[in-house]
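Participant:
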Amino acid sequence: MSAGGFNGHGVWAVYRFEMARALRTWLQSVVTPVITTSLYFIVFGAAIGSRMTEIGGVDYGAFIVPGLIMLSLFTQSIFNASFGIYFPKFTGTIYEILSAPISTLEIVIAYVGAAATKSVVLGLIILATATLFVPIQVVHPVWMIAFLLLIATTFSLFGFIIGIWAKSFEQLNFIPMLIVTPLTFLGGAFYSIDMLPEPWRTVTLFNPVVYLISGFRWSFYGTSDVGVAVSLVATLGFFFLCLGAVAWIFKTGYRLKS
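Going by the working numbering, the first residue of the sequence shown is number 1, and it counts up by one from there.
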């Protein structure tokens, strides 16, 4: 442990273990999402894009790139973080982690940091893959990276919460598959919500994913469905909500010691 009290060695050990697990399953972690992204471009970019040339002055094929990255980022961040903490619970090694000389904050940093790292790398790989299909410009690269890191960290925290809450592998996949993925498809990943008639456009604004995708798309093309400030506030709000939930879980020991 360092003089300042931060156990960097412990954090690095857990972080390295989680990253090594991803490398052992690189085919599932990297190749599969790339193939899936390519299929999205073939289906949406070619089939639909030939009938819908531009949205807000942006080529449709390029328009869907931020949505595709967000779709993978949401699901992979949740999966990586939830499985990372659920597996020690499943095998019983969670008690070794809780009794080790590493604080709850350091545990969260290690698990969430590893999950977010894997998700960001995957997002950048998908972005690189997309450039093979369509020309892409990033008007605000600093904001693009900022949104990418913030959203990956936020959903990794959310996945961490799901991993602690889940009592089975079925529950582990319930929220990502039946809630997050549908909200992403209905949140403007492949279309602008301005294309929707009322009252559906107003109803869509109650979907929190809309604000995340809109802010991220703004960093690419300078256009968004909602104000970028609103998107940033919504993302930060979800981040602090997840952070508060994690703090409560460790304070009460909810499903960690039972």
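Glycine included, every Cβ here is placed at the ideal spot set by N, Cα and C.
Who are residue 55's beta bridge partners in DSSP?
Facilitator: Walking along the sequence shown from the start, residue 55 turns up at place 55. BP columns for residue 55 point to 58.
Participant: Could you check if residue 188 is buried or exposed, using at least 16 other CB atoms within 10 Å of its CB as the buried criterion?
Facilitator: Along the sequence shown, one-based indexing puts residue 188 at 188. Classification of residue 188: buried, given that the 10 Å Cβ count is 16 or more.
Participant: Where residue 1 and residue 88 are concerned, what is the direct C-alpha to C-alpha distance, given to the nearest angstrom?
Facilitator: By 1-based counting over the sequence shown, the position of residue 1 is 1. By 1-based counting over the sequence shown, the position of residue 88 is 88. Any answer about residue 1 is weak, because its pLDDT of 42 lies below 50 and its placement is not dependable; what the coordinates show is given next. If you take the alpha carbons of residue 1 and residue 88, they lie about 23 Å apart.
Participant: Considering only their Cβ atoms, is the gap separating residue 217 from residue 33 smaller than 8 Å?
Facilitator: Locating residue 33 in the sequence shown gives position 33, counting from the first residue. Locating residue 217 in the sequence shown gives position 217, counting from the first residue. Their beta carbons are not under 8 Å apart, which means residue 33 does not touch residue 217 by this criterion.
Participant: Secondary structure at residue 148, three-state DSSP: helix, strand or coil?
Facilitator: As a position in the sequence shown, residue 148 is number 148, starting the count at 1. Here residue 148 sits in helix by DSSP.
Participant: Helix, strand or coil for residue 227, going by three-state DSSP, please let me know.
Facilitator: Translated into positions along the sequence shown, residue 227 becomes position 227. Here residue 227 sits in coil by DSSP.
Participant: Going by DSSP, what residue range makes up the alpha helix (DSSP H) through residue 103?
Facilitator: By one-based count along the sequence shown, residue 103 stands at place 103. Neither: residue 103 is in no alpha helix (DSSP H) and is coded neither H nor E.
Participant: Taking the C-alpha atoms as reference points, what is the distance between residue 121 and residue 199?
Facilitator: Reading the sequence shown from its first residue, position 121 is the one you call residue 121. Reading the sequence shown from its first residue, position 199 is the one you call residue 199. The alpha-carbon atoms of residue 121 and residue 199 are separated by roughly 38 Å.
Participant: With 8 Å set as the bound, which would you pick, yes or no: does the beta-carbon of residue 42 sit closer than that to a beta-carbon of chain D?
Facilitator: The displayed structure is made up of one protein chain only, and chain D is not part of it.
Participant: Using CA atoms only, rank isn't needed, just tell me which of 118, 60, 5, 233 is closest to residue 79.
Facilitator: In the sequence shown, counting from the first residue as 1, residue 79 sits at position 79. Among 118, 60, 5, 233, the Cα nearest to that of residue 79 is on 118.
Participant: Check the C-beta distance from residue 64 over to residue 44 and give it rounded, since I have them as a contact under 8 Å.
Facilitator: As a first step, residue 64 is located in the sequence shown; it is residue number 64 there, counting from the start. As a first step, residue 44 is located in the sequence shown; it is residue number 44 there, counting from the start. About 6 Å; that satisfies the 8 Å criterion.
Participant: Helix, strand or coil: how does DSSP classify residue 140 here?
Facilitator: Walking along the sequence shown from the start, residue 140 turns up at place 140. In the structure shown, residue 140 falls within a coil segment according to DSSP collapsed to helix, strand and coil.
Participant: In chain order, what residues of the same chain have a beta carbon less than 8 Å from the beta carbon of residue 201, not counting five sequence neighbours either side?
Facilitator: Taking the sequence shown and counting its residues from 1, the one referred to as residue 201 is at position 201. Only 193, 194 meet the Cβ criterion.
Participant: Among 62, 41, 77, 31, which has the Cα closest to the Cα of residue 177?
Facilitator: As a position in the sequence shown, residue 177 is number 177, starting the count at 1. Per the Cα distances, 77.
Participant: Among the candidates 40, 246, 74, 10, whose CA atom is the shortest distance from the CA of residue 150?
Facilitator: As a working mapping, residue 150 is identified with position 150 in the sequence shown. It is 74.
Participant: Could you tell me the distance, in whole angstroms, from the CA atom of residue 114 to the CA atom of residue 36?
Facilitator: Taking the first residue of the sequence shown as 1, we reach residue 114 at position 114. Taking the first residue of the sequence shown as 1, we reach residue 36 at position 36. Taking the straight line joining both Cα atoms gives about 23 Å.
Participant: If residue 235 sits next to residue 211, beta carbons under 8 Å apart, how far is it from one beta carbon to the other, in whole angstroms?
Facilitator: Here residue 235 refers to the residue found at position 235 when the sequence shown is read from its first residue. Here residue 211 refers to the residue found at position 211 when the sequence shown is read from its first residue. Sure, about 7 Å apart at Cβ, within 8 Å.
Participant: Compare the Cα-Cα distances from residue 248 to each of 164, 137, 112 and report the closest residue.
Facilitator: Here residue 248 refers to the residue found at position 248 when the sequence shown is read from its first residue. The shortest C-alpha separation from residue 248 is found at 164.
Participant: Specify the secondary structure class of residue 186 as computed by DSSP and reduced to three states.
Facilitator: The residue given as residue 186 occupies position 186 in the sequence shown. If DSSP states are grouped into helix, strand and coil, residue 186 belongs with coil.
Participant: Which residue marks the beginning of the alpha helix (DSSP H) containing residue 81, and which one marks its end?
Facilitator: By one-based count along the sequence shown, residue 81 stands at place 81. That run of the alpha helix (DSSP H) goes 65-91.
Participant: Between the Cα of residue 160 and the Cα atoms of 239, 197, 96, 133, which residue gives the shortest distance?
Facilitator: Working through the sequence shown from its first residue, we reach residue 160 at position 160. Of the listed residues, the one whose Cα sits closest to residue 160 is 239.
Participant: For residue 207, which residues of its own chain have a beta-carbon under 8 Å away from its beta-carbon, when the five flanking residues on both sides are left out?
Facilitator: Taking the sequence shown and counting its residues from 1, one reaches residue 207 at position 207. Closer than 8 Å at Cβ, skipping near neighbours: 183, 186, 187.
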